[in-house]
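For reference, the structure discussed in these notes is given below.
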Amino acid sequence: MWPLSSVLMIEPLPVIEGNGVYLRLPQMKDFGPWRDLREESRSFLTPWEPLWPADDLTRGAFRRRLRRYTRDMVADEAYPLFIFRQRDHALLGGLTLSNVRRGVCQAASLGYWMGAPFAGQGYMKAAVTALLPVAYDMLHLRRIEAACMPSNQPSIRLLESCGFVREGYSREYLCINGTWEDHILFGRLRHDQPLRESVRRDALEQVPPAAQ
Numbered sequence: 001m002w003p004l005s006s007v008l009m010i011e012p013l014p015v016i017e018g019n020g021v022y023l024r025l026p027q028m029k030d031f032g033p034w035r036d037l038r039e040e041s042r043s044f045l046t047p048w049e050p051l052w053p054a055d056d057l058t059r060g061a062f063r064r065r066l067r068r069y070t071r072d073m074v075a076d077e078a079y080p081l082f083i084f085r086q087r088d089h090a091l092l093g094g095l096t097l098s099n100v101r102r103g104v105c106q107a108a109s110l111g112y113w114m115g116a117p118f119a120g121q122g123y124m125k126a127a128v129t130a131l132l133p134v135a136y137d138m139l140h141l142r143r144i145e146a147a148c149m150p151s152n153q154p155s156i157r158l159l160e161s162c163g164f165v166r167e168g169y170s171r172e173y174l175c176i177n178g179t180w181e182d183h184i185l186f187g188r189l190r191h192d193q194p195l196r197e198s199v200r201r202d203a204l205e206q207v208p209p210a211a212q
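Under full-length UniProt numbering, think of the first position of the sequence shown as 1, with each following residue one higher.
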C-alpha cells in the first residue's frame, strides 16, 4: 500500500526553495500576476502549448483551474507549482508533475512554462533542480518523464542539463497549437547521476515550455 495520497490530503506540498527561486502551490491571489504574465507571453508560448480556451485568462477560469488543481492533488494525480523569484517575489512561470502513476510504475510527467520576460536567465533550470529531490523523496516517485518537440532546442538542452536521458521518439504525440506534433521522449530515474549545483547560467538560452 502507498500511503502518500492520504498524507497529501492533510498536508500539501511545502514551499520549495531553489537557487534564486522558490516554488509553491498556486493561490487565488496569483490571478492578476498570472493573467498579466500569460498575456504578455502569449506569442512566446503559443508555438509550444495546446490551444488556449477563449476564456483562459478570466478570473472564473482561473478559479476553476485552482479547483481542478486541488482535485488532482487530493487524488495524487498531479502537482502544479508556480515559480517565483526570491528577491522580489515576481511570478516567473510554472511547472507541473502530472499523470502520476503508482503501483509498479511510480512515475510522473514534467511540464513547464516560463514567462517571456524571464526566459534565458537560468530560472527554469533552478526550478527543475529544486523540484526533482521533492519528486523523488517526498512524492516517492522513481521516474520523471518529459517530452518536447524536436524543434524546441532550448528545452532539449535544459532537460539534458538536468540529467534527463533521451529515450525515444513518438510520432504525433501531442496536439500543440492545433497541430499534432512529434516529440522526443526523455526520462530521469531516482538513481541517475545527481545534479550539479554549479551550472553556468549563461549557457542557457530562452527556454520555451515542454509539453504540458
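All C-beta atoms, glycine included, are put in the ideal place defined by N, C-alpha and C.
Cβ-based burial, residue i [other Cβ within 10 Å; buried from 16]
{"i": "V21", "result": "buried"}
{"i": "E49", "result": "buried"}
{"i": "C105", "result": "exposed"}
{"i": "C162", "result": "buried"}
{"i": "G111", "result": "buried"}
{"i": "A127", "result": "buried"}
{"i": "E40", "result": "exposed"}
{"i": "residue 218", "result": "There is no way to answer for residue 218, as the model of the chain reaches only from 1 to 212."}
{"i": "D76", "result": "buried"}
Residue nearest to residue i in terms of C-alpha spacing, selected from the options
{"i": "A116", "options": "L25, R24, Y69 and W34", "result": "W34"}
{"i": "G168", "options": "I184, E160, L159 and L25", "result": "I184"}
{"i": "L139", "options": "R101, A54 and R68", "result": "R101"}
{"i": "E17", "options": "F62, M28 and L132", "result": "L132"}
{"i": "R24", "options": "Y69, G60, T58 and A54", "result": "Y69"}
{"i": "S98", "options": "P14, D72 and Q121", "result": "D72"}
{"i": "Q86", "options": "L45, V15, F62 and R190", "result": "V15"}
Nearest-angstrom beta carbon gap, residue j and residue i [assumed within contact, 8 Å]
{"i": "Y123", "j": "T96", "result": "That belief does not hold up - the Cβ atoms of Y123 and T96 are roughly 16 Å apart, past 8 Å."}
Pair within 8 Å by beta-carbon distance, residue i and residue j
{"i": "A135", "j": "A107", "result": "no"}
{"i": "G94", "j": "F82", "result": "yes"}
{"i": "N19", "j": "T129", "result": "yes"}
{"i": "L158", "j": "K125", "result": "yes"}
{"i": "R188", "j": "I156", "result": "no"}
{"i": "L57", "j": "P26", "result": "no"}
{"i": "R171", "j": "D182", "result": "yes"}
{"i": "M28", "j": "R63", "result": "yes"}
{"i": "T46", "j": "N177", "result": "yes"}
Identity of the residues DSSP links to residue i by a beta bridge
{"i": "C105", "result": "Paired residues: none, contrary to the question."}
{"i": "V15", "result": "BP columns for V15 are empty, so no partner."}
{"i": "E145", "result": "S109 and G187"}
{"i": "G163", "result": "In DSSP, G163 forms no bridge with anything."}
{"i": "R85", "result": "V21"}
{"i": "Y79", "result": "L97"}
{"i": "W180", "result": "C175"}
{"i": "S43", "result": "In the DSSP output, where bridge partners are listed per residue, S43 has none listed."}
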